[in-house]
Every structure is written in structure tokens, then in C-alpha cells.
Amino acid sequence: MKRKPQSPPADLGAAGIVSSEILENAKRSVLNEGHKATAKCVVCSAEATPTAGEQLCWVCRRLKISAWRDADNQLSNQE
Numbered sequence: 044m045k046r047k048p049q050s051p052p053a054d055l056g057a058a059g060i061v062s063s064e065i066l067e068n069a070k071r072s073v074l075n076e077g078h079k080a081t082a083k084c085v086v087c088s089a090e091a092t093p094t095a096g097e098q099l100c101w102v103c104r105r106l107k108i109s110a111w112r113d114a115d116n117q118l119s120n121q122e
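The numbering used here applies: residue 44 is where the sequence shown begins, and numbers increase by one.
Structure representation (C-alpha cells):
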């Protein structure tokens, strides 16, 4: 069974559903998102969280936490 063709979404600003001021602010915020300066991971140079103090991407951060956990387990097993 074939799908029915969908009509393109209506322009919400033209219909008066969303005020033009809110619509313009939303458009500006979307355009500015691509121009944000992103921090680079110090290990692999991937995109890192700019708010994190350690400047690691999520993968390297997980590996670091995992390594800490393994080191703690080894120390407790030796005792």
C-alpha cells in the first residue's frame, strides 16, 4: 500500500499562529547555533563540551572514568 503524498508544512508565521517577533528570534537562534566556537578534545580533537573544565569529548571522558574504576578495583584486590 502506497503512502499518500504529504503537503508541505504551513508557514506558521503567515497564518498568525506565532507572532512574527517570536518567529524571527527562533530563526536567529538557529542560524547562530552553527557559528558557536566549540572546544576540541585534548586527546582526540573531537568536539568537546565547552562547559566542562577538562576539555574531553564524551568518549574520552568515559574512557577516563572507566580507567579510574579499573585502577580502584586493582588496588582493592591487592589489599
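The beta carbon of each residue, even a glycine, is placed where N, CA and C say it ideally should be.
So residue i packs on residue j, CB below 8 Å; how close in whole Å?
i       : j       : result
Cys-100 : Ala-110 : Between Ala-110 and Cys-100 the Cβ distance is about 15 Å, and since that is not below 8 Å, they are no contact.
Using the rule of at least 16 other Cβ atoms within 10 Å of the residue's Cβ for burial, across every protein chain shown, is residue i buried or exposed?
i      : result
Cys-87 : exposed
Ala-69 : exposed
Ala-91 : buried
At what residues does the alpha helix (DSSP H) containing residue i begin and finish?
i       : result
Gln-117 : 101-121
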